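So the numbering used here is basically just the index in the sequence shown, starting at one, shifted up by 114. We treat Cβ as the ideally placed atom computed from N, Cα and C, and that holds for glycine. These numbers come from a predicted model, not from an experiment.
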Amino acid sequence: MNYRHAFHAGNHADVFKHLILSRLIALMARKEQPFAYIDTHAGLGLYDLQGDQATRTGEWIEGIGRLWDADDLPELAADYMNVLRRMNRKEDSLRYYPGSPELARRLTRSQDRVLLNEKHPEDGQLLKDNMKGDRRVAVHLGEGWHVPRALLPVAEKRAVMLIDPPFEQLDEMKRCSVALKEAIGRMRQTVAAIWYPVKDQRLLKRFYQDLAETGAPKLLRVELHVHPLDTPASLNGSGLAIANPPWGLEEELRELMPYLAQKLGQTKGGWTMDWLIAE
Ligand code: SAM
Numbered sequence: 115m116n117y118r119h120a121f122h123a124g125n126h127a128d129v130f131k132h133l134i135l136s137r138l139i140a141l142m143a144r145k146e147q148p149f150a151y152i153d154t155h156a157g158l159g160l161y162d163l164q165g166d167q168a169t170r171t172g173e174w175i176e177g178i179g180r181l182w183d184a185d186d187l188p189e190l191a192a193d194y195m196n197v198l199r200r201m202n203r204k205e206d207s208l209r210y211y212p213g214s215p216e217l218a219r220r221l222t223r224s225q226d227r228v229l230l231n232e233k234h235p236e237d238g239q240l241l242k243d244n245m246k247g248d249r250r251v252a253v254h255l256g257e258g259w260h261v262p263r264a265l266l267p268v269a270e271k272r273a274v275m276l277i278d279p280p281f282e283q284l285d286e287m288k289r290c291s292v293a294l295k296e297a298i299g300r301m302r303q304t305v306a307a308i309w310y311p312v313k314d315q316r317l318l319k320r321f322y323q324d325l326a327e328t329g330a331p332k333l334l335r336v337e338l339h340v341h342p343l344d345t346p347a348s349l350n351g352s353g354l355a356i357a358n359p360p361w362g363l364e365e366e367l368r369e370l371m372p373y374l375a376q377k378l379g380q381t382k383g384g385w386t387m388d389w390l391i392a393e
């Protein structure tokens, strides 16, 4: 396990993923009934953008760095940006960035639970330290691919699950579709979001096929591109495949994605959205 998310925290892929996660949570919270937030590959929870790892790559500068001072932010970005502003209120400039656990912890309500899993022993311990004191949060230091069968179904009968592996190994795309299949098999209404890198179109074609065969009731695919797809790049963009998206999400993304593409595009910004499984 070589991947450390601290090198990439706050980059364009994180902004895209976390902004959409903030909308998933907001839409789930329209109903009073509690839900569980589940993170199979959670990372550290929060990041210091002025720390050694983030500074070495500087990836966040072309990510959250482009939104931080923007005066044209859409209303739909408010929940996400408010978390960042609260985390940085004692700083002169942007310093702390929330990983998915911290974002979920701050955006969920007193009746909701936050169930986190991280396998890397050091990052897992940091995650535990970062989440200390919030009794709604449970941190497991185990195998992320076991999470759907270990935790689903949840007592709340409502769950948002983020599946966000590092894609260091070739089998991780396949494992994502297997995890989604398991999640849906154990709790059909699970709202599950899989983050994936957009770079190798040949691998992606297979991935989309596998996702389309998971048996999810509905599966929305949304992608943010920061370089044209036919240009060689370490990352042309990233995507989220979202099973059972809450009502209203598709419409919100039609509003948000053009803004993100324009703000985060590097050689050329773009976005796509369609249904891999339509109702
Ligand atoms: N979800 C986090 C966020 O948005 O802030 C970022 C997660 S990062 C992309 C992927 C994480 O998965 C890394 O922290 C890595 O240590 C962890 N990881 C790698 N293999 C894993 C496995 N098999 N099970 C659980 N975690 C794993």
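How is the alpha helix (DSSP H) around residue i delimited, first residue to last?
i	result
A168	166-171
G159	From DSSP, G159 is part of no alpha helix (DSSP H); its letter is neither H nor E.
I134	126-142
I308	Run containing I308: none in the alpha helix (DSSP H); it sits in the beta strand (DSSP E), 305-312.
G179	178-181
K145	Element bounds for K145: n/a, residue is neither H nor E.
L325	315-326
Considering residue i, what are the terminal residues of the beta strand (DSSP E) in which it resides?
i	result
L221	From DSSP, L221 is part of no beta strand (DSSP E) but of the alpha helix (DSSP H) over 214-221.
Y151	150-153
L338	333-339
Within 10 Å of its beta-carbon, does residue i have 16 or more other beta-carbons around it, so buried, or fewer, so exposed?
i	result
R144	exposed
S291	buried
D426	This structure does not reach residue 426, given that the chain is present from 115 up to 393, and the question cannot be answered.
G329	exposed
M301	buried
D314	exposed
G238	buried
T304	buried
E296	buried
K204	exposed
K131	buried
N244	buried
D226	buried
W309	buried
R335	buried
W389	exposed
R316	exposed
W174	buried
E337	buried
Please tell me whether, using a cut-off of 6 Å, the distance from the CB of residue i to the nearest non-hydrogen atom of the ligand SAM is below it.
i	result
E232	yes
P262	no
H119	yes
P235	no
S207	no
M115	yes
G383	no
D324	no
D278	yes
G351	no
G177	no
E286	no
E257	yes
G157	yes
G213	yes
So for residue i, helix, strand or coil by DSSP?
i	result
Y117	coil
W361	coil
D193	helix
D388	strand
P342	coil
M301	coil
A355	strand
L208	coil
L367	helix
L187	coil
L276	strand
E296	helix
V224	Going by the sequence as given, residue 224 is Ser instead of Val. DSSP places S224 in coil when its eight states are reduced to three.
K377	helix
R200	helix
S348	coil
K382	coil
>> Threshold first: 3 residues or longer. Then list the beta strand (DSSP E) segments lying entirely within the region 228-272, N to C.
In response: Look at the region 228-272 and you find these whole runs of beta strand (DSSP E), each 3 residues long or longer: 251-254.
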